[in-house]
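See structure below.
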Amino acid sequence: MHIQELFDLFLLGRFQALLEIMSCSVLLDNNAKPKSMSRAKQWTGEVENLYRFQQAGYRDELEYRQIKQVEIDRWPDTGFVKKLQRRDNTFYYYNKKRECEDREVHKVKVYAY
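Numbers -17 to -1, 1 to 96, taken from mature numbering (1 follows the signal peptide of the UniProt record, and there is no 0), label the letters of the sequence shown in order.
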């Protein structure tokens, strides 16, 4: 896929599709480990979803998929995670709206693979 096509997906609000395309190579390796970690500086949709995964006890979507091996429920209009199963098999349910407040953004870890 060309850079312009990726940029067009991003501009069209297809951020989730863009993330899936960009993480395909990582998803092929079930034992992928992050190479580095940084902290979020400002809120984005990606930071919101990372916040939700980390609240449920996972590093990110990749780790959740590796451990649970289930499809992730998302809100159709926002693309935010709707429901996650913790490691102790209890569920976390999330709202359609933003839940990661500005004062929590700096706590979110962003991993690079």
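Glycine residues also receive a C-beta, built at the ideal position from the N, C-alpha and C atoms.
Can you tell me which of the three DSSP states residue i falls into?
i	result
F74	strand
Y52	The sequence given here has Gln at residue 52, not Tyr. Correct three-state label for Q52: coil.
R86	helix
V30	helix
Q38	helix
Y94	strand
Measuring straight from C-alpha to C-alpha, what distance separates residue i and residue j?
i	j	result
T61	R81	9 Å
residue 97	L45	What is shown of the chain runs -17 to 96, which leaves residue 97 out entirely.
A15	D43	12 Å
E54	Y76	15 Å
For residue i, count the other beta carbons within 10 Å of its own beta carbon; 16 or more makes it buried, fewer makes it exposed. Which is it?
i	result
A95	exposed
F74	exposed
How close, in whole Å, do the beta carbons of residue i and residue j come, if the pair is a contact with beta carbons under 8 Å?
i	j	result
R57	K51	So it is not a contact: roughly 15 Å between Cβ atoms.
Y47	C83	Actually they are not in contact, since the Cβ atoms of Y47 and C83 sit about 17 Å apart, beyond 8 Å.
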